[in-house]
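Structure first, commentary second.
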Amino acid sequence: TQTQTLLPPVVVYFHGGGLTVGNFYDSVGPEMVHAPSVWANGAPLLFASVGYRLAPEHAFPAAVEDALVGTQHVLEGYRQALLAAKKSAQSTTSTPPDDENRWNVDIPLHIAGPSAGGYMATVVTLSCQARYPGLVKSALLMCPMTQPAANTTSYYLNSNMLFIPVSWLRWCWQGYAQLPHRPPNQHARKSHHLSSWDERRAWNSNQTAWQTSPWRNTSLERLLQPTLNIPSFASS
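Residue 172 is where the sequence shown starts when you use the working numbering, and the numbers rise one by one after that.
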């Protein structure tokens, strides 16, 4: 299409770091998008890394606000550049101007992020889809953080992982979602002797704190736990 020939696709990227560390200079993003550009026969793309305020100094919803505003800023800049490119291209031809519909902008937008960035990418993707269906062309959500309760089977099975400690991830959620902090039970082996999987998943998790969170059952809960109400388009 004319849009695709005038400007390359744009990737809006959010860095990881458990919502508590990191910045938009994250090196993961550029490395991530390098391979797809090669797979696309070296086709160029625009890469925009959006920063956001970090917890616990800046708790929810500060980071989400930054992510949405940052994405809007990128899209507005892209739209203005695309309109200018279209007008420039039209001025070099003898084709008379069309009606205003000629300037409708189809932005090839792609969203990406790992871990906490995957959470941000999920929130932004679903928010964009709710307001502007079809705007986001793809979303790369790499191991996204989407469970403030941190009580899934994955959390339990990886509870002894050293690379990203589960206890740290739970602390990150506590700081971000303003959940009460309690030190983890030091008798970790006891969890293996619990009688049910529900008890094992709840062991040392944020389950009770999240159940009593003031954000629960509010209009903002979907921004903290974005997988709650994924519409049918995302599962089709």
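For each residue, glycine too, the CB sits at the ideal point set by N, CA and C.
The alpha-carbon of S220 is positioned some 43 Å away from that of S367. According to DSSP, L312 shares a beta bridge with G284. Following the DSSP letters along the chain, one finds L246 inside the alpha helix (DSSP H) bounded by residues 233-262. The way I'd put it, the segment 379-392 doesn't touch the segment 323-331; fewer than three beta-carbon pairs between them come closer than 8 Å.
Rounded to whole angstroms, the gap between the alpha carbons of H352 and A292 is 26 Å.
In the three-state DSSP reduction, L225 falls in the coil class, being neither helix nor strand. Boundaries of the alpha helix (DSSP H) harbouring V337: 337-348, taken from the DSSP string. Bounds of any alpha helix (DSSP H) do not take in Y196, whose DSSP letter is neither H nor E. Counting along the chain, Y327 sits inside the alpha helix (DSSP H) bounded by residues 324-328.
Between K257 and P279, the CB-CB gap reaches or exceeds 8 Å.
R302 and T296 have their C-alpha atoms roughly 10 Å apart. The closest CA to that of A348, considering only V235, I401, N194, Y184, is found on V235. Per DSSP, F334 lies in no beta strand (DSSP E) and is assigned neither H nor E. Closest in C-alpha terms to A310, from the list D369, P319, S298, comes S298. Judged by DSSP secondary structure, A380 falls within the alpha helix (DSSP H) whose first and last residues are 378-382. The three-state secondary structure of A292, taken from DSSP, is helix. Per the coordinates, the alpha-carbon of D237 lies some 17 Å from the alpha-carbon of S286.
The C-alpha of V183 lies about 6 Å from the C-alpha of A283. DSSP places L297 within a helical segment (H, G or I) once states are collapsed to three.
As a beta-bridge residue in DSSP terms, Y184 pairs with S220, A283.
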